[in-house]
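Chains as they are written, first to last, in the numbering used here: chain A, 7 to 100; chain B, 11 to 196; chain C, 22 to 437; chain D, 2 to 979.
Quick reminder that beta carbons are idealized off the backbone N, C-alpha and C, glycines included.
Just below is one structure, and these are the notes that go with it.
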């Protein structure tokens, strides 16, 4: 697969390490949330057959964490963003 | 007082040079290296300080030559800065005094083995080693890539000139891989 | 009809005219007592045991494609019960025992072949872990042996003993491990279930679930609505898709695991072998092909196909272990969709919806589990309580911190 | 030997003769020959045996689709099984042997299977061999396994090298027949970067095998001229002997270049084959088409081949397969074979054309509405029986029969993303369907465009479309004959066997049986009968099989559907896929700074990940490893020992939020750590399980140096980047690994300080540099770092210098500290000392254990949010009677312990219900004089002082032990503060 890195352009997916659902960005605050909230955050997945936002780490590249929007049926990638930007934006809207 | 004798990454007293066919592989031990990462929100301050100190901070995927400092981009708001080892062995101290608290600066000199590759055209060699479209990239292109399971930085200094920074502990494996590829090509 | 050597000879001498269809192709009825969604190995085994062992009737298996078309027909056919943890080992040992009597039980030769499995050891730490595991296996009634380097060398003298990057120091062996002809498992269960009146309905995809007041009433399918008192879902690979019809999110991701077969070769490898210093495991089929695999591709996928890096990674492991196979050719690659769970272990449990039961999360261990999974799921469906060997396979184990994490990788499915 | 069947013409170099052997018999051929063409030229038709019935077989094709003519090529470590004689390029000294036969190809004892074939119907084995139960592994299966398989594998290491590479282009063209050449010309002249790959050693595809013209020239000559033009373009890379084998996501293709397979051995340093990964925006599949046979009784004899192959052998290789040849066809293309052969002077005795009516070929006996219903000839064809339109049968003596059932477009690669081909009745074949690999266009015969004109035109148009070109070359004139075909899949006749899958011996009867037993889905058909699962993956047989199933079920062919092709297009050698990563080069080595010193000393090394670490350093006279390890431990605890700990991960953490960041990633607190001090840190995963541990030092207000375990260095760094970028992007934290930048040594033992005082420039007295101190120092003026931390329980330091000085620092310490008899210890002694002290490491940090399990529960601060804090409180992880780390010693000091053994109470049966836990690590303690171990024991904290057993059922060991505190040596820690 090829991931179109928002800074570096097309890069082979082999350079990346996959983590999973981009909802992992939304970590609850441990001083507020309890086990149930953390359980849902860490363990449950939508796991769609279709468009999926997911985290990839450019380990053999610039070490950016990316949010990749990829179709899990066709593997087509339609959007790639820096996870840091996505995380910051999500914070702002909260 | 101790006066310690350094070893090169290949475990020798002197830098190693290997030739095969048109290719020359030269180990470089005369480069001081440090990482410079902008402090959060301080990129503009860093740019100013760097300009004043003649530290180039090139854009993504590029290397910029300078004197005494050259640099290449390694990550968002992060660079590796090169300088002559003889004059800049204490590159971290020098950069810290120049860039102050605009950046986090860390010594990288001995984290890497540096090889300069030269031949009339390196494309045929590099296509056996890494997934970089070397021919299509401009001089000054700098990227991280993978060679034989090893993460390396590759800097293009011309169609027939490139520098590699590979993990120092694997210097022998990396050299072996380059030599094997060279024998396969030439 | 009963299969036997005499029957084969008699039919051969009379032009094979007497062989009957192995299953019917019935039209779906309006309602069943039990609907099993998924006509793969686990679904068919569930239906078979529901009918045979638990005396249940009015059972249908709904399959969106062809029977046995899921992972039961696209795996590397290994059976073993060499698990470490208390939550797993009794279940897989139960499964292995069922394999051992399966062919006589369902009157179909699935070529259950216990030629042994060895997990190679390359470090002292691996030997310690193998010792822990082997002892756990024996304590659970399974068989295990720790082989020395010389013993391994006697079995496979042509492995890379002398020039390896990582030395072979021995192996953990389970002599009762082995392989099974995978398609035949599906067919054997299908035939056995059909003979007991189970309706096997192919080309029937579930498109929705009718749930009223927290209770399942039936399922919408591409062949119309079908009512059911109880619905069991056994669709590993597609679990999240199907359970989404019930509004559930699961502790599961779908990933692709590739598998490989070489051209046919004269016998080289008798048993099953796993390389402990790379991603590679291998056996040789009765037809002569080396059947091998490695790691999952590592990203969520429903595509039933993989990419090149894993193929290369697996070949590197193969060559590192077996330098003689350089000129053996890889014939075919394929991909199966795995339910990768959050701790690497499966789930066989009730759901929050009355009458709806779930079986999934098999990661890439589903094939060997087929008999026990079917049995335990049938037990759960028929009696509303977990089978004794499957009690740990609950949904709430993550909430309670009772993970069954054989590899110790935590809540990251692609590392299990 | 004379080449009895050689005729004039062809693209072979008759000026040179190549000698080769087949089954030990010497033959001659010419450059340009394949093994098959050369054997046929020598009148050899019998080249193999089929898989199941061991039927005698000859080649049916002239290409990579060959199911029959498989040989073992070369000998020794280079022996390769199942090589298709039809694509094996002839070279001087080639050695080939037939396979899957005993004792010889002509007299194969397993041929008895053929006589018993009625008992071996499809799937018979599923119905028998079940009784008695134990006989399967002992009797039936061994017989089956010995009989099965094709070629045999050498047990020697493959002596040849393999290589890999990456290529990038604008357009990849797969296949260099008329379609691919025209596409190449179009894109090449437009200046685009083009790769044109063809599996053959000569580009031109079918043009080399045909006689018709392209423009003013013979097709083959046009091809040669086009290749010459393309090879002059710097933007075009022509790759012969290169098979594109797979299409992967996002425009990545795999291709195998056979660099040296046409040579006796590869040139020195050169690979046998190269695996290319080709990255391209666009690709054109111009792979042509494959002819398929027609199923009729005994259609498998040597001498019966595809009509197009018969023609190719004559036109390209100057070989007549037989003296008296017939052709059996259902389409116009078959007639070409008859015409071409006749024009080359071969005696074409009959053309059996299943189609009724229509024109007759002039000068040839052309039977319309006729079918071949049977053949004879034990080891090769001697005659065919033809049923004419009027129903009369006639036997015709022939020694070669060309069969054409039509042509299947080579859609294979287009299916690699699971796109299903669709049936095109106009050509009675499957053509590429929807949803193929994005960016892949299909042109020419692969797209069902069967004429030469259509090939050229669609090739050009595909290049224009792929690259959005505005200019294109003129199309040369070429034939544009329609596909005249009336499908005939099998000849209905009699009770004999008519083969569909030649290699796997799948016959029409087997399809009928599959239907009868309701294996009617194409997937069931394939899996039940093994149709299409042989080494040719059904390239010639699949379509016939499913067409017959369609007939039997009354469904149309589209309704019946088709299985899909999976990668690779043709089988690929494992060595090629592995490339250079084999043997000692399987993974790169990581060498420590002390490696050269240790090697000089004859040290024993151990693999730790990719690192080679010193395991112990034997002294002269030490014959057993324990002697060395005991000595290293005792010497360290007595005076001073040095250990290279460079492999531990080091991460530089800077920024104004560095301390706050560490508070969140460590379970314990770091923001309060004073500058110049270190602290042991425990890192959890979010699920509350211990992830890693290590010592982290605060080197400045905003500057920390973290250490990780060797094993987790990369994973921890990745995790920290995740936390920094994804979880808390607002924090001012910068990270970089410095693992390899510093050579770091542990210096431990009562004389550690005294030794270090001799090399460092600063005051390191206990007052100036107390326990858990950290500082930037100098060693003879050289920048260095010093940490006062201990893993051994001794007074200990870790000292670091820039890596290039690591070797010298070690030698310096040994030399300057000579009066203290310093020793260098390896990982074994390190392990002994840490276990004596009860420190957790690999065996305990197993990814399944909590801080509580390790006796470190109090370290998890609940006063702050940190990764894993919340979920570590789940009930299953806080069980009072859960596992606790304990120390273990045998009651009998002579008794041996084994890591991995399990705890049992005295008198308890060794069953799971009584399983108390297990030993995680075990060593011999030379101080205590007996084995000691760490273990996880259920409720272990309450069992200190009790006696239990540990058992190792794998070795039959059952040992009484005492449960003790894990702090087995100097529990008060007096030594390390000394």
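- Residue 969(D) sits buried, since 16 or more C-beta atoms from the chains shown fall within 10 Å of its C-beta.
- One thing to note: residue 128(C) has its Cβ no nearer than 8 Å to the Cβ of residue 193(C).
- When 326(D), 580(D), 339(D), 431(D) are compared, the shortest CA-CA separation from residue 161(D) is found for 580(D).
- The continuous stretches of alpha helix (DSSP H) do not include residue 83(C), which lies in the beta strand (DSSP E) extending over residues 80-83.
- At the C-beta level, residue 406(D) and residue 302(D) stay beyond 8 Å of one another.
- Taking C-alpha positions only, residue 54(A) is separated from residue 92(C) by approximately 19 Å.
- Taking the C-beta atoms as reference points, residue 21(D) is found nearer than 8 Å to residue 94(D).
- A distance below 6 Å between beta-carbons, with the five flanking residues on each side excluded, links residue 527(D) to the following residues of its chain, in chain order: 533, 564.
- For residue 919(D), there is no enclosing alpha helix (DSSP H); the residue is found in the beta strand (DSSP E) stretching over 918-926.
- Judged by beta-carbon spacing, residue 41(D) lies beyond the 8 Å limit of residue 57(D), meaning their Cβ atoms are not closer than that value.
- With fewer than 16 other Cβ atoms inside 10 Å of its own Cβ, residue 229(C) counts as exposed.
- Going by DSSP, residue 204(D) is part of no beta strand (DSSP E) at all; its letter is neither H nor E.
- Its Cα nearest to that of residue 348(C), the residue 153(D) stands out among 153(D), 270(D), 512(D), 555(D).
- Residue 147(B) sits in coil when the DSSP states are folded into three classes, being neither helix nor strand.
- A contact is defined here as three or more CB-CB pairs under 8 Å, and the stretch 741-757 of chain D meets this definition with respect to the stretch 794-812 of chain D.
- Per DSSP, the continuous alpha helix (DSSP H) segment holding residue 664(D) begins and ends at 659-666.
- Out of 128(B), 54(B), 158(B), 173(B), the CA that lies nearest to the CA of residue 141(B) is found in 158(B).
- Secondary structure note for residue 110(D): it is in no alpha helix (DSSP H), with a DSSP letter that is neither H nor E.
- As a beta-bridge residue in DSSP terms, residue 679(D) pairs with 698(D).
- Of all residues in the stretch 893-917 of chain D, only 899, 900, 901, 902, 903, 911, 912, 913, 916 place a beta-carbon less than 7 Å from a beta-carbon of chain C.
- The stretch 146-154 of chain C makes no contact with the stretch 130-138 of chain C; the number of CB pairs closer than 8 Å stays below 3.
- Rounded to the nearest whole angstrom, the C-alpha separation of residue 289(D) and residue 317(C) is 34 Å.
- Nearest neighbour of residue 126(B) by Cα position, chosen from 21(B), 15(B), 16(B), 40(B), turns out to be 40(B).
- As a beta-bridge residue in DSSP terms, residue 163(B) pairs with 154(B), 175(B).
- Residue nearest to residue 917(D) within the set 708(D), 711(D), 617(D), 950(D) is 950(D) (criterion: CA-CA distance).
- Residue state for residue 339(C) is assigned as helix, using DSSP reduced to three classes.
- Taken in chain order, the unbroken stretches of alpha helix (DSSP H) that lie wholly in the stretch 60-117 of chain D and span 4 residues or more are 113-116.
- Boundaries of the beta strand (DSSP E) around residue 10(A): 8-11.
- Listed along chain A are 13, 14, each with a C-beta nearer than 7 Å to that of residue 70(B).
- Counting only Cβ-Cβ distances below 7 Å, residue 67(A) has contacts in chain B at 154, in chain order.
- In the DSSP secondary-structure assignment, residue 572(D) is not bridged to any residue.
- Here the alpha carbon of residue 53(D) sits roughly 23 Å from the alpha carbon of residue 64(D).
- The stretch 386-395 of chain D makes no contact with the stretch 535-551 of chain D; the number of CB pairs closer than 8 Å stays below 3.
- With fewer than 16 neighbouring CB atoms inside 10 Å of its own CB, residue 245(C) falls in the exposed class.
- Residues of chain D whose Cβ lies closer than 7 Å to the Cβ of residue 160(B) are, in chain order, 589.
- If you check the CB distance, residue 322(D) and residue 339(D) do not come in under 8 Å.
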